[in-house]
Amino acid sequence: MKTPCAICGNTEFREVTTQYIYQRHEQLMVVEDVPALACTNCGEKYFDIKTLKDIEARFQDIYQHGKPPTEQRAVPFERWGSCGRWGESVELFSVSSSSADSNPPVPVWVNWKI
Ligand SMILES: [Zn+2]
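In this note's numbering, the protein residues as written are 130 to 243.
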């Protein structure tokens, strides 16, 4: 028995790889080619808990243990909102089409398959 999509209730999913943006406070990590399941109806993506824990471990390796990321790209990010998560206020970022934000954080990038 499959868990239905939380957005639309569909139970069909397909395996995809996608870009995952992990963020905590002003620190951003972009992971390329992360395996996920996508709802075939609405496209909402789901990651399993093991994948998410792995991403968090990589984030901590880089930001707390000084491990070099695959690369660091000065891609402009901009704030587009914030939300309350885990009892703290989290800034939300997206890749910016302009450089409107005067002081955007510089994300680190890693490839999933390393
Ligand atoms: Zn769906």
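Just so you know, even glycine gets a beta-carbon here, dropped at the ideal spot from N, CA and C.
On a predicted model such as this, the values are computed, not experimentally measured, just so you know.
- The continuous beta strand (DSSP E) containing E144 extends over residues 142 to 153.
- Secondary structure note for E161: its beta strand (DSSP E) is the uninterrupted segment 156 to 168.
- The bridge partners DSSP lists for E200 are W238.
- Contact check between the region 131 to 143 and the region 163 to 173: three or more CB pairs, one atom from each, fall below 8 Å, which counts as touching.
- As computed with DSSP, K174 is found in a beta bridge with A167.
- Between A165 and F176, the C-beta gap is smaller than 8 Å, which places the two residues in contact.
- For I191, the closest C-alpha among the options R153, E144, F142 is that of R153.
- For A135, the three-state secondary structure derived from DSSP is coil.
- Around the beta carbon of I184, 16 or more other beta carbons lie within 10 angstroms, which makes this residue buried.
- Just so you know, the alpha carbons of G195 and Q148 end up roughly 23 Å apart.
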